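Read left to right, the sequence shown gives residues 0 to 133 (numbering that gives the first Met the number 0).
Even for Gly, the Cβ is constructed at its ideal location relative to N, Cα and C.
Bear in mind that the values here come from a model prediction, so they are computed numbers and not experimental data.
Everything on this sheet refers to the single structure shown next.
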Amino acid sequence: MAADEAALEGVSAGTAAGGAAKTGRDARRIEGWSISWMLLAMVVWGCFAFLMLADYGPEVPSYQGSRSLCRGPFVDPSPQERVCRSDELRQWPSLLGILALAAVATVIAAATTVYAKVLARLDHSEGTRAKPQG
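Here's what the structure looks like:
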């Protein structure tokens, strides 16, 4: 009876050690994905900020030098010049689509970061509980 209990304890300790190693590998893998999602989210947010704030269109002379004819949509939401309305990436439907992509990438980055932290904490707690036999 005692031999059976000892064998069962050895098997459960080995399984726990294998599970802890798998949890650690999963935590590192998910952490890599979370970093990738964060970088993607930052790139999309940067693109969105550039499209919203940067001036565009043909250069026109002014008393301070030359400047672009069209202001960014954040500065001038409804341009009067026809050439400014022809840039499709600067129109509100496109900008809202880019904003939605940025929000989705940010939410996924946050979710994978939290999941990686939870897996790392589980790996740490499983590692302290499973004591090697010997």
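query	result
Do the region 109-120 and the region 28-37 touch if we need at least three Cβ pairs shorter than 8 Å?	yes
By the DSSP assignment, the beta strand (DSSP E) with L88 in it spans what residues?	Unbroken run through L88: none, as it is neither H nor E.
Of all the options M51, L68, Y114, which has the alpha carbon lying nearest to the alpha carbon of R81?	L68
Can you pull the DSSP bridge partners for C69?	Y55
Quick check on the burial criterion: 16 or more other C-beta atoms within 10 angstroms. Buried or exposed for A20?	exposed
So for P92, helix, strand or coil by DSSP?	helix
Does the Cβ-Cβ distance between L52 and G64 come in under 9 Å?	no
According to the neighbour-count rule (16 or more other Cβ atoms, all chains shown, within 10 Å of its Cβ), is A6 buried or exposed?	With a pLDDT of 48 at A6, under the threshold of 50, the modelled position of that residue is not reliable, and the figure given next carries that caveat. Under this definition A6 is an exposed residue.
Any heavy atom of the ligand GDP closer than 8 Å to the beta-carbon of S67?	Looking at this structure, you won't find the ligand GDP or any other ligand, since it has none at all.
Would a C-beta distance cut-off of 9 Å place P78 and W91 closer than the cut-off?	no
For the candidate residues A102, E58, L94, whose alpha-carbon lies nearest to that of M41?	A102
Which term fits F49, buried or exposed, when burial requires 16 or more other beta carbons within 10 angstroms of its beta carbon?	exposed
Can you tell which of V59, T105, Y55 has its C-alpha closest to the C-alpha of R89?	Y55
Flag this pair as yes or no: are the beta carbons of T105 and W32 separated by less than 9 Å?	no
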